[in-house]
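A quick write-up on the structure given underneath.
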Amino acid sequence: MNARPSLQSFLLLLLTALVAGACGWVPPRITGEAIALAPPVSADPALAARILALDPERISAAEVKDVLARGPTPRIMLLHGGIYPVHLGMTSFGHFLVGMGYSEDKIRGPRSGDWSHSPYEDAERLAGIAAWYYERDRMPPMLIGHSQGGMQAVKVLHVLAGAYGKDVRVWDPLTDFALERTTVRDPATGLQRPVVGLSIDYVSVIAAGGAAFLLPNQWTLLDKLHTIPDTVDDFTGYTIGVDLWAWTLPGADLRYKAVGDRAHVRNVSLPASINHVLAPVTADFAADPAARAWIDAYHPGTPPGPLPPGAGDNLLWAADVWWSVKKHWALEAQALLRAGPAPVRSVGARTVE
Numbered sequence: 026m027n028a029r030p031s032l033q034s035f036l037l038l039l040l041t042a043l044v045a046g047a048c049g050w051v052p053p054r055i056t057g058e059a060i061a062l063a064p065p066v067s068a069d070p071a072l073a074a075r076i077l078a079l080d081p082e083r084i085s086a087a088e089v090k091d092v093l094a095r096g097p098t099p100r101i102m103l104l105h106g107g108i109y110p111v112h113l114g115m116t117s118f119g120h121f122l123v124g125m126g127y128s129e130d131k132i133r134g135p136r137s138g139d140w141s142h143s144p145y146e147d148a149e150r151l152a153g154i155a156a157w158y159y160e161r162d163r164m165p166p167m168l169i170g171h172s173q174g175g176m177q178a179v180k181v182l183h184v185l186a187g188a189y190g191k192d193v194r195v196w197d198p199l200t201d202f203a204l205e206r207t208t209v210r211d212p213a214t215g216l217q218r219p220v221v222g223l224s225i226d227y228v229s230v231i232a233a234g235g236a237a238f239l240l241p242n243q244w245t246l247l248d249k250l251h252t253i254p255d256t257v258d259d260f261t262g263y264t265i266g267v268d269l270w271a272w273t274l275p276g277a278d279l280r281y282k283a284v285g286d287r288a289h290v291r292n293v294s295l296p297a298s299i300n301h302v303l304a305p306v307t308a309d310f311a312a313d314p315a316a317r318a319w320i321d322a323y324h325p326g327t328p329p330g331p332l333p334p335g336a337g338d339n340l341l342w343a344a345d346v347w348w349s350v351k352k353h354w355a356l357e358a359q360a361l362l363r364a365g366p367a368p369v370r371s372v373g374a375r376t377v378e
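Counting from 26, one number per residue, gives the positions in the sequence shown under the numbering used here.
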């Protein structure tokens, strides 16, 4: 007797798992305003001068430790894939980022302590959380998504572009409630502006699409996943050469394209040997001297020689994302320092800081 499951049985099992997970998001809840003041910019003029002198495209390991890590640090929102226990892969990537010098407090959820967001969280909620971080930190967060989490990251960009509605509520991650407003205070001007229209500095996705399109909550992305709106400055889309989960096959044109004139979109093709599920499992790279040296020497377009012995091909993805994270970490910190203290605006007899 043949014990191998039929293709139909496999697809039915996959669809059942996906649909079951898709029911896990929580509907919006509304609460009153929460205090969300921007932290003060470092008063150390020597440190500020060192941050402003950095070349964002050439950040060394020493500069991460002695300069960037001591200054303003933007939030990173990780978005994991959709089938249990794929979230552990993004947990591993979170540990990788911390091992390379990023602040753990700027990655893990401030209320839950989770390393990453579920792709079954409502995209408007995620956009509202991103707006809250933007207002509070005076820097937009970075979004990094894997598999269905990558799809959700792209959906957040379309939410911010107004494709799903003209208003998006600010969402406080400390209380896990939506606020009673759809505007944030612009860090540069001190004036209120809509959440819709806000832009993220850096977003990257890996192995997005494919089987997740079977989910009803992802059907609206069928014509949007590979079109990137002007709500991101720098977007990188990673595709694995042969990826049956993401339906990536030789000859398929799955390149991401900008639909406006602002977003810079980069497409990176990764080796077919990378496992879709295990792609974000990277924590050990930060503790491996040879892998870490390779990562520190990496620059897009000019990899520093062959991969170290024993390193998986996903080292290339980890190095490329880390290069972008360092770049935008420096750019956002520099922009914040150049902007100076948060603007103060008078509203009648009330002063707003």
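Yeah, the Cβ is synthetic: ideal placement off N, Cα and C, and Gly gets one too.
The structure displayed is predicted, hence computed values, not measured ones.
Check: For Arg218, the three-state DSSP class (helix, strand or coil); Outcome: strand
Check: Cross-strand partners of Arg210 (DSSP beta bridge); Outcome: Gln217
Check: Nearest neighbour of Leu151, chosen from Gln177, Gly190, Asn339, Leu303 [CA to CA]; Outcome: Gln177
Check: Gly107 versus Met164 - alpha carbon distance; Outcome: 28 Å
Check: Rounded C-alpha distance that separates Ser85 from Thr116; Outcome: 25 Å
Check: Reduced DSSP secondary structure (H/G/I, E/B, other) of Leu185; Outcome: helix
Check: Three CB pairs or more closer than 8 Å across the region 193-209 and the region 253-269; Outcome: no
Check: Cβ-Cβ distance between Ala304 and Phe310 below 8 Å; Outcome: no
Check: Cβ-based neighbour list, Pro52, same chain, cut-off 6 Å, excluding 5 preceding and 5 following; Outcome: Because the pLDDT at Pro52 is just 45, under 50, the model does not fix this residue reliably, and the value given afterwards should be weighed accordingly. Around Pro52: no qualifying Cβ.
Check: Distance between beta carbons of Val209 and Tyr263, contact taken as under 8 Å; Outcome: About 30 Å; that fails the 8 Å criterion.
Check: First and last residue of the uninterrupted alpha helix (DSSP H) at Tyr158; Outcome: 148-162
Check: Where His120 sits in the DSSP three-state scheme; Outcome: helix
Check: C-alpha gap between Ser128 and Ala71, whole angstroms; Outcome: 21 Å
Check: Asp226 beta carbon less than 8 Å from that of Leu362; Outcome: no
Check: Rounded straight-line distance, which links the Cα of His183 to that of Arg194; Outcome: 15 Å
Check: Run of the beta strand (DSSP E) containing Arg291, from where it starts to where it stops; Outcome: 289-295
Check: For Asp226, the first and last residue of its enclosing beta strand (DSSP E); Outcome: 225-231
Check: Local Cβ density within 10 Å of Tyr109, reported as buried at 16 or more and exposed below that; Outcome: exposed
Check: Asp345 classed as buried or exposed, judged by whether at least 16 other C-beta atoms fall within 10 angstroms; Outcome: buried
Check: Where the beta strand (DSSP E) through Val257 begins and ends; Outcome: 257-265
Check: Test item: CB-CB of Ile76 and Ile101 under 8 Å; Outcome: no
Check: Cα-Cα separation between Thr98 and Ala358, rounded to whole angstroms; Outcome: 7 Å
Check: Enclosing beta strand (DSSP E) for Leu168 [first to last residue]; Outcome: 167-171
Check: When Asp278, Ile299, Ala188 are compared against His251, the one with the closest alpha-carbon; Outcome: Asp278
Check: Buried versus exposed call for Glu149 [16 or more other C-beta atoms within 10 Å across all chains shown]; Outcome: buried
Check: Status (buried if at least 16 other CB within 10 Å, exposed otherwise) for Lys90; Outcome: exposed
Check: Beta-carbon gap between Ala203 and Gly153 smaller than 8 Å; Outcome: yes
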